[in-house]
Each structure stands twice: as C-alpha cells, then as structure tokens.
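Each residue of the sequence shown is one higher than the one before, starting from 0 at the first, in numbering that gives the first Met the number 0. A virtual CB, placed ideally from N, CA and C, is assigned to each residue, including glycine. Only one structure is covered here, and it is reproduced in the block below.
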Amino acid sequence: MTKSAVILETDASGVKEAVFAAITVAAASGDVIALTTASADSVQASCAEYGVTQLISINAGCDLDAHPDARATAFAECIKAHGITDVIAINSMEGKDLLARMAVILDAALTTDCLSIDVAERSVKKSYFAGKALATLTLPGDIALYGLRPNAVAAVAAPSTPASEDFTASVTAEGIVITDIQGGEGASTDLSEASVIVAGGRAVGDSSGFDILNELASTLEAGVGASRAAVDAGYAAHSMQVGQTGKTVSPNLYIACGISGAVQHYAGMKTSKVIVAINNDKDAPIFSKCDYGIVGDIFDVVPQLTNALK
Ligand code: FAD
Numbered sequence: 000m001t002k003s004a005v006i007l008e009t010d011a012s013g014v015k016e017a018v019f020a021a022i023t024v025a026a027a028s029g030d031v032i033a034l035t036t037a038s039a040d041s042v043q044a045s046c047a048e049y050g051v052t053q054l055i056s057i058n059a060g061c062d063l064d065a066h067p068d069a070r071a072t073a074f075a076e077c078i079k080a081h082g083i084t085d086v087i088a089i090n091s092m093e094g095k096d097l098l099a100r101m102a103v104i105l106d107a108a109l110t111t112d113c114l115s116i117d118v119a120e121r122s123v124k125k126s127y128f129a130g131k132a133l134a135t136l137t138l139p140g141d142i143a144l145y146g147l148r149p150n151a152v153a154a155v156a157a158p159s160t161p162a163s164e165d166f167t168a169s170v171t172a173e174g175i176v177i178t179d180i181q182g183g184e185g186a187s188t189d190l191s192e193a194s195v196i197v198a199g200g201r202a203v204g205d206s207s208g209f210d211i212l213n214e215l216a217s218t219l220e221a222g223v224g225a226s227r228a229a230v231d232a233g234y235a236a237h238s239m240q241v242g243q244t245g246k247t248v249s250p251n252l253y254i255a256c257g258i259s260g261a262v263q264h265y266a267g268m269k270t271s272k273v274i275v276a277i278n279n280d281k282d283a284p285i286f287s288k289c290d291y292g293i294v295g296d297i298f299d300v301v302p303q304l305t306n307a308l309k
C-alpha cells in the first residue's frame, strides 16, 4: 500500500513555496507525511494549509543540516521505521543531494526533474533531448524517490490538522561536514525555484547593462537569468545561465530581454507559464515562442516597464 511523504525544504522565511506543489502531488494519492529537520512549530502552519496529515521532525545526536551523509541516513531510518513507500522532494540542489544519498542508502528507485508525478501509479513524466521528447517512466521496487521540478505543478490549498511527532535517528556525525557556506555570484535567488524571472541576452552589452534588468527584477521580486551568449561574454555569472547547458526553469512569468530565442535557450525555459519577449528585431525567433512580444530597444522598454510596475 502507498504511504507518501514529502521532504520539507526550508529557508529563512519558512517552508519553500515549491514544496507546497509537492504536497499537492502527494495528497492526490491519500495521506501525506511531511519530513523535516526543522522544529514542528516553524512549519506546522504551512503544513496545515496544504493538507499534510502527519508531521515528523527528525533529529539525531548531531546537527543534521551540517552533515549531509548523516542527514540522509536519518531520513532513511525514519522512512523505513514508518513504512513510507514514496518520497517527493523539490528538484533543488538540496533536494537532489538528499534524494541521491537516500537512494543509495535505501536501495530505492530515483527520478529527478519530474514534470508530473502520479504516486498511486508510481509513474512520472520527464522531458528529454532539450524538451523535444516527453517520457513516461514507472519506478520499480519497494521505495520510490522523486524530485519534482519547481513550478511544474500548481499547489492547491487543502486545510488539514497535521498530527506532529519527533523521530530520533540513531545516526551520529558521519561523512562530509559542511563548515561554511558562502553565496556565489547571482546567488540571491535560486533560478530554478523562482516564480518570476527576468533574463538578459547578448543585447545587454556588458555587465552594467544588467542594472536595468536587476531593477525590474527587484520590482517584481524576480530572479535574474541570462542567455549563454551573455554568460560567455562575461556579462553574467554561469549560475544565471538558462538553457540546455544551463538551468531548466518553469516560472509563472519569464521576461526575455534582448534574447533571440535559440532552441538551446528555449529548451531551458519553454515550460514557463507566460513568456514575454522584448527584442528590437520583429523577426527574432523568440517572438514565435512567446505569449506577449514587445518590439523595441530593451534600454527604452525595460525602464518604462519598471516605472509602470512601480
Ligand atoms: P543573440 O542570438 O546574439 O541574440 C541577441 C538578440 O538581442 C537578437 O535577437 C537581437 O535582435 C536582440 N537585440 C540586440 N540589441 C537589442 C536591443 N538594444 N534591444 C532589444 N533587443 C536587442 N544558449 C543559451 O542561452 N543557453 C544554453 O544553455 C545554451 N546551450 C547551448 C548548447 C549548445 C550545444 C550550443 C551549440 C549552443 C547553446 N546555446 C545556449 C547558445 C545558443 O545557440 C545561442 O547562441 C544563444 O542562446 C544566443 O544568446 P542571445 O539570444 O543572448 O544572443
């Protein structure tokens, strides 16, 4: 019988938005257990809003957030102890790291970057070949682990009253120890989780050309992305690259500024819900791929857009 759980990934403001969609997906097949290393108090309200039925706070004799190996072992112990069969995490850096370690410990099937998940059927949809093929996969074994692409599925509020309990894992500090984390360039917003992205292409001209995009992004509380041409030219950090050899993103709104719309770029943002393109060439390929197109110079249009939004 299916027993589903969701990993609660948190940041300074609480449970990450993208996790709520994972809860919605898990809830489609019945009760949802939420697994966290955070205190129950700090996540209880979010769990109750989206339909979690049971909240388990996992702890051990070491700081699990500083010991990724021990953390994965502790989650695995809890999953086994509770007879959990299916576990969904968001397809973030942290989620993928945890899922991969757990897959080894639990000898479980793992699929990452899922566009949709049917837990009851043990089936997922994933895109391949830069989005040209959509595959349906089924997962074998006693336990299945899934990474859900942020923003691929809409979260649906479903009020519940989660029961909460603690689970103390027997694991002690082992393996890798994280001693320090420093944000890199462009690290303010994780693009793959952003619900709005403003992206710049070669047309920005130099790194200071991103100033107008940063201002628009801060008005919209958006992440800032870039095309490979902008990254290769040194205008933007590689962590900002969207596309086949960069990040795959699925925001609700993607604003492409001075980006031609090459297939390799489109592959990384085609699942955006709404695409807006600003380009001074009315024949640019991006205009056949967007929902709204503005023919104009980004240095005129973007500041006007920012002022209007302000
Ligand atoms: P360009 O193609 O040069 O387009 C610039 C656009 O800006 C033009 O359409 C122009 O009309 C417009 N423009 C110019 N000035 C202005 C202005 N003032 N105002 C408004 N518009 C203006 N690319 C990626 O982005 N991501 C990837 O991950 C990626 N992976 C790749 C992998 C492989 C194997 C290969 C071969 C290529 C890959 N590329 C990738 C590169 C891709 O093919 C394109 O070269 C790249 O996306 C082009 O970037 P761009 O649109 O910024 O530049």
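- When DSSP states are grouped into helix, strand and coil, E120 belongs to the coil group.
- Taking the Cα positions, G200 is about 15 Å away from K246.
- If you ignore the 5 residues before and after T137, its C-beta comes within less than 6 Å of the C-beta of R121, S122, all in its own chain and listed in chain order.
- Assignment of Y234 by DSSP, reduced to helix, strand and coil, places it in the coil class.
- Residue range 16-26 is occupied by the alpha helix (DSSP H) that includes I22.
- Residue side-chain check: A235 keeps its Cβ at 7 Å or more from all non-hydrogen atoms of ligand 1.
- With 5 Å as the limit between CB and the heavy atoms of ligand 1, the residues that fall short of it are G200, R201, A202, S226, R227, A228, G242, Q243, T244, G245, G257, I258, S259, A261, Q263, H264, N278, N279, D280, A283, D296, I297.
- Around the beta carbon of N306, a 10 Å sphere encloses fewer than 16 other beta carbons of the protein chains shown; the residue is thus reported as exposed.
- Taking the CA atoms as reference points, N278 sits about 18 Å from V241.
- Shown here for L308: same chain residues with a beta carbon closer than 8 Å to its own, the five before and five after excluded, namely L215, T218, L219 in chain order.
- In terms of CA proximity to D296, A202 leads the group A202, T36, A80.
- Excluding sequence positions up to five before and after C61, its CB lies within less than 7 Å of the CB of A69, T171, A172, all in the same chain and listed in chain order.
- Rounded to whole angstroms, the separation of the alpha carbons of K272 and G222 is 15 Å.
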